[in-house]
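A.B. asks:
2 protein chains.
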Amino acid sequence: MGLVSRDRDFTAVGRALATPARSVFLNLLLDGTRRPAGELARAAGVRASTASEHLSVLVDAGLVTCEAHGRHRYYALAGPHVATALEALGTLAAPAPVVGYRLSRHAQHLARARFCYDHLAGHLGIALADAWVGRGWLAGREVLVLTDSGADGLQATGFDVDDAVAARRPTTRACLDWTERRPHLAGALGAAVGRRFLEAGWVVRHRSGRGLDLTEAGTAMLREAWGVTLAEPASDDAPATPARVASRA
Amino acid sequence: MGLVSRDRDFTAVGRALATPARSVFLNLLLDGTRRPAGELARAAGVRASTASEHLSVLVDAGLVTCEAHGRHRYYALAGPHVATALEALGTLAAPAPVVGYRLSRHAQHLARARFCYDHLAGHLGIALADAWVGRGWLAGREVLVLTDSGADGLQATGFDVDDAVAARRPTTRACLDWTERRPHLAGALGAAVGRRFLEAGWVVRHRSGRGLDLTEAGTAMLREAWGVTLAEPASDDAPATPARVASRA
DNA sequence: GGGACGTTTCGGCAGACGCCGAACCGTGCC
DNA sequence: GGCACGGTTCGGCGTCTGCCGAAACGTCCC
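Take a look at the structure:
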């Protein structure tokens, strides 16, 4: 101890991020999914061989892990710390160039609800954070610290708060969305919430895409439990207030 | 709004970090100082011409700003957001390779007290955070949220809390040291504290180096105000408890 | 076993990039 | 004005690396 240099060598991480294909890969994996090499290759517009080389660079840099499954190899982010760091870097990075694509519809969907590695994000994530700050369950405005009443309330609603508190990761963490400017809940508790939403069937992963669909059950649950209503996806733009919260302390 | 891609292009930032020389530059600037091109060149072990090219890359990437002063050009980090992002990336990056140097002495000095862009870090920063958490001035263990009593207490001690709260930046932010594993106070309030420590002469920048020296006045002030004592720099290693806090609630 | 398929490895090519020395520019000083 | 000095620009050199197609490997399925 004390013998290690205090400075960090950004070279390796930098190299890993420094090419368009790898940047695309990371963006795709940033929602916490595992994806086979071929799918990543197609998404980035490069040959399988090229993608393979890129992926091994990411693995060597420790950003991504590889898990063999049958004749597929699934790649995923190496852990929450990678997601956290990339998310912080996103502050500096420019929005990715918009490829032709039917982006608009896609983007709207993502804006509404998605996973940010292991926790809920998009309008849904923000609405939850707002609601819980409103009831005094989370404190610190931009920082989202769990209060005692919050621990009780969330536990009562069926979230595994004890586990989250005991975890090695920070219990709560505020994750600032790049496009919206409001924080949503990350950290061990954020992950627990996300897990529960999936297990309970309140949200389901959109088939063949990133992004989540809020189910009937989920919609009802949000309204009844916390008076949260998300703007309908069918409606046009709803930029100013993406979600409305009834109970505001 | 809504039209921008949700993904980020990490390519540019990645490229900017991807070379040893630029990594050294950023590490040097990470303490918030501005330094002339020549000094940076010497530190990185490259010719002035090479350094100049590197620096223009960093400027183009928006990580660094350049300010002409006489026949010198001073380079500095482009803002707190850059420091924050790099600090987050440090989680992923390996410790920088140790160059020959008389590193040990140097590193010890840095470990004791230094600036982390605009706020106090090192054992000093950690000791302050510990002390203030102990008195209930900061809440949230790993997160460091300012409490009401904390606002009163710090204001009474002469820190400009009102300004910090009014600032556009988050009032408090926990900055996790890479080598130590404990957080210290960053954000607008952290910057206000750092500023005051310099102005009051409690710390002075170490000549020709990074790192801070705690003055007699600073030592006395720490002890009297919060019962904080930093281990003497003359002593050998003091790894386990870098600082001791008297009053623990 | 044979064939389809997902993936990796290999060789090769072209472009990008880091480095340097030399030349150039602007400022400060005598 | 003349010179020293900090800094940038330019041309050139060698290396690295991103890309591809072809070939090899392993798995699944008939």
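If you read the protein sequences in the order shown, they are chains A and U. Residues in the first sequence are numbered from 36 upward in steps of one, following this note's numbering. Residues in the second sequence are numbered from 36 upward in steps of one, following this note's numbering. The C-beta atom is built at its ideal place from N, Cα and C for all residues, glycine as well. As the structure is a computational prediction, the values presented were derived from the model and not from experiment.
1. Thinking just about the alpha-carbon of each residue, which of U/THR250, U/SER84, U/THR126 and U/ARG43 is nearest to the one in A/ALA131?
2. Which ranges does the alpha helix (DSSP H) cover as unbroken runs of at least 4 residues, wholly within the stretch 56–108 of chain A, from first to last along the chain?
3. Quick one: is U/ARG279 near chain A, going by C-beta distance under 8 Å?
4. Whose C-beta lies closer than 6 Å to the C-beta of A/ALA160 among residues of the same chain, with five residues either side of it excluded?
5. Apart from the five residues on each side of it in sequence, which residues of its chain come closer than 6 Å, Cβ to Cβ, to U/VAL196?
6. So, for U/THR85: in the same chain, excluding its five sequence neighbours on each side, which residues have a beta-carbon less than 8 Å away from its beta-carbon?
7. Taking C-beta to C-beta, are A/GLY67 and A/PHE194 nearer than 8 Å?
8. Just list the residues that DSSP pairs U/ARG149 with in beta bridges.
9. Can you list, in chain order, the residues of its chain whose CB lies under 7 Å from that of A/VAL59, leaving out five sequence neighbours each side?
10. Would A/ALA255 pass as a contact of A/THR192 if the rule is Cβ separation under 8 Å?
11. Can you check whether the C-beta of U/SER270 is within less than 8 Å of a C-beta belonging to chain A?
12. Do we get a CB-CB distance below 8 Å when we pair U/SER91 with the residues of chain A?
13. To the nearest angstrom, how far is the alpha carbon of U/GLY171 from that of A/ALA266?
14. Give the secondary structure of A/ALA266 by DSSP, where H, G and I count as helix, E and B as strand, and everything else as coil.
15. Taking C-alpha atoms, which residue in U/CYS101, U/GLY105 and U/ARG106 lies nearest to U/LEU112?
16. Would U/ALA252 pass as a contact of U/GLY236 if the rule is Cβ separation under 8 Å?
17. Our contact map puts A/VAL81 next to U/ALA174 with C-beta atoms below 8 Å; I'd like the distance itself, whole angstroms only.
18. So, is the C-beta of A/ASP248 closer than 8 Å to a C-beta in chain U?
19. List, from N- to C-terminal side, the alpha helix (DSSP H) runs of 4 residues or more that fit wholly inside the stretch 168–200 of chain A.
20. I'd like to know whether the C-beta atoms of A/ARG245 and A/LEU145 end up nearer to each other than 8 Å.
21. Which value, in whole angstroms, describes the spacing of the CA atoms of U/VAL200 and U/ALA223?
22. Looking at the C-beta of A/GLU177, does it have a partner C-beta in chain U at a distance below 8 Å?
23. Can you tell me whether DSSP reads A/LEU249 as helix, strand or coil?
24. Please confirm whether U/ALA156 and U/VAL263 have their CB atoms less than 8 Å apart.
25. Under the rule that 16 or more other beta-carbon atoms within 10 Å means buried, what is A/VAL239, buried or exposed?
26. Leaving out the 5 sequence neighbours to the left and right, which residues in its chain are closer than 6 Å to A/VAL94 when beta-carbon positions are compared?
27. Helix, strand or coil for U/ALA113, going by three-state DSSP, please let me know.
28. How far does the beta strand (DSSP E) with U/ARG208 in it reach, from first residue to last?
C.D. replies: Taking the structure as given:
1. U/ARG43
2. 72–79 and 83–95
3. With a pLDDT of 43 at U/ARG279, under the threshold of 50, the predicted position of this residue should be treated as unreliable, and no value is reported.
4. In the sequence as displayed, the identity of residue 160 of chain A is Gly instead of Ala. Only HIS219 meet the Cβ criterion.
5. ALA186, LEU189 and GLN190
6. ALA56 and ALA76
7. no
8. U/ALA156
9. ALA78 and ALA79
10. no
11. Its pLDDT being 41, under 50, U/SER270 is placed unreliably by the model, and nothing is read from it.
12. no
13. 40 Å
14. coil
15. U/CYS101
16. yes
17. At roughly 48 Å, the Cβ-Cβ gap does not stay under 8 Å, so A/VAL81 and U/ALA174 are not in contact.
18. no
19. 183–192
20. yes
21. 7 Å
22. yes
23. strand
24. no
25. exposed
26. CYS101
27. coil
28. 208–211
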